[in-house]
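Below: one structure, written as structure tokens.
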Amino acid sequence: MDAVPTTISNALARARQRIDATDADLLLAHVLQRPRSWLFAHAGDTLEADAAARFDALLERRAAGEPVAYLTGSRGFWTLELDVNAATLIPRPETELLVELALARLPMDEPARVADLGTGSGAIALAIARERPKAAVIATDASKAALAVAVGNARRNGIDNVWFRRGDWCEALGNERFDLIVSNPPYIAEGDPHLGEGDLRFEPASALASGADGLDAIRRIVRAAPRHLAASGWLLLEHGWEQGDAVRVLLVDAGFVEVETARDLEQRDRVTLGCIL
Ligand code: GLN
3 MDAVPTTISN ALARARQRID ATDADLLLAH VLQRPRSWLF AHAGDTLEAD
53 AAARFDALLE RRAAGEPVAY LTGSRGFWTL ELDVNAATLI PRPETELLVE
103 LALARLPMDE PARVADLGTG SGAIALAIAR ERPKAAVIAT DASKAALAVA
153 VGNARRNGID NVWFRRGDWC EALGNERFDL IVSNPPYIAE GDPHLGEGDL
203 RFEPASALAS GADGLDAIRR IVRAAPRHLA ASGWLLLEHG WEQGDAVRVL
253 LVDAGFVEVE TARDLEQRDR VTLGCIL
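For the sequence shown, the positions run 3 to 279 when the numbering used here is used.
Pasting the structure below:
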């Protein structure tokens, strides 16, 4: 006997018994290729059998732990909708603080040279480029697969003032100097138990972990950045909530001034920045 047809609201109610309510919405909206808001206006509509089957399959994978952004292939960041896949970190809302602090140091209508190191999906570089159309943004990544995603995201969002380069940290910058260098590098300590939890289990290890104390990538960036900054240029780094003291010391030792740490909405140390005279 055929299964009784279900409605959108019934399918969502059933899914919510197993996974987060927002995740259920995002997965069904993805299956139906509609915005999430459409679901609420069509709660009583019948869900066709093939759509119901595809929704069930995604529900199973989500219940088994796969990140919802990898299942839908997309994540909102800033004002952008970004493609993501297993080659890229999933952009986090905390990282918008890094974008805000960068924008505060980039005057609206002036040209500026900006570099985003380890761009992943391109989230930071593309958000800055969107807000500062006169800036020229270089986005780097060591991963060819991540760069392919980032290039696609520039196209998808119609952003043409970002250029992509493959390479490790500042090594991808050649001899050039920038007004502002920004990065959300990997900063988790290798062996940290969090790496075995939640979305982190599915994200690229190279985007998450960096050495015994998590600071290897940050040390490399801080050491090399002064040679790639113009006079009065800024370096802004995202890091873990327990790393503010250590990152400030690294910046001061490398000759940065006006070194400070900004806190995220949860009042945790999140971004440390400094200026080269
Ligand atoms: N810059 C990207 C982001 O913030 C990727 C960061 C990373 O992979 N560590 O989303």
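Quick reminder that beta carbons are idealized off the backbone N, C-alpha and C, glycines included.
This one's a predicted model, so the numbers in the text were calculated from it and none came from an experiment.
Three-state secondary structure (DSSP) at residue i?
i: threonine 74; result: helix
i: aspartate 271; result: strand
i: leucine 34; result: helix
i: glutamate 192; result: coil
i: leucine 175; result: helix
i: arginine 168; result: strand
i: isoleucine 126; result: helix
i: aspartate 266; result: coil
i: tryptophan 243; result: coil
i: serine 11; result: helix
i: isoleucine 278; result: strand
i: aspartate 282; result: Within the shown structure, residues of the chain are numbered from 3 to 279, placing residue 282 beyond reach of any answer.
i: isoleucine 220; result: helix
i: valine 86; result: coil
i: glycine 67; result: coil
i: tryptophan 236; result: strand
i: alanine 53; result: helix
i: methionine 3; result: Because methionine 3 sits at a pLDDT of 45, beneath the cut-off of 50, its placement in the model cannot be relied upon, and the following sentence gives the value as read from the coordinates. Three-state result, methionine 3: coil.
i: phenylalanine 42; result: helix
i: leucine 149; result: helix
i: leucine 210; result: helix
i: glutamate 205; result: coil
i: alanine 137; result: strand
i: alanine 144; result: coil
i: threonine 97; result: helix
Considering only the beta carbon of each residue, do residue i and residue j sit closer than 7 Å?
i: arginine 179; j: threonine 142; result: no
i: leucine 202; j: proline 188; result: no
i: leucine 286; j: alanine 104; result: Not covered by the structure: residue 286. The range shown for the chain is 3 to 279.
i: alanine 156; j: alanine 137; result: no
i: leucine 99; j: arginine 272; result: yes
i: leucine 49; j: isoleucine 10; result: yes
i: glycine 124; j: alanine 152; result: yes
i: leucine 84; j: arginine 77; result: yes
Flag residue i as yes when its Cβ comes closer than 6 Å to any non-hydrogen atom of ligand 1, and as no otherwise.
i: threonine 289; result: Shown here, the chain extends from 3 to 279; a query on residue 289 therefore has no answer.
i: isoleucine 2; result: With the chain represented from 3 up to 279, any question about residue 2 goes unanswered, as that position is not in the structure.
i: proline 93; result: yes
i: alanine 191; result: no
i: threonine 97; result: yes
i: asparagine 186; result: yes
i: alanine 209; result: yes
For the 8 Å Cβ check, are there 3 or more pairs between the region 216 to 223 and the region 246 to 253? yes
Examine the Cβ distances between the region 75 to 90 and the region 109 to 117 and report whether three or more of them are shorter than 8 Å. no
Sufficient close CB pairs (3 or more, under 8 Å) joining the region 130 to 147 to the region 51 to 71: no
Are the region 55 to 64 and the region 10 to 27 touching by the rule of at least three beta carbon pairs closer than 8 Å? Judged by Cβ distances under 8 Å, the region 55 to 64 makes contact with the region 10 to 27, as three or more pairs qualify.
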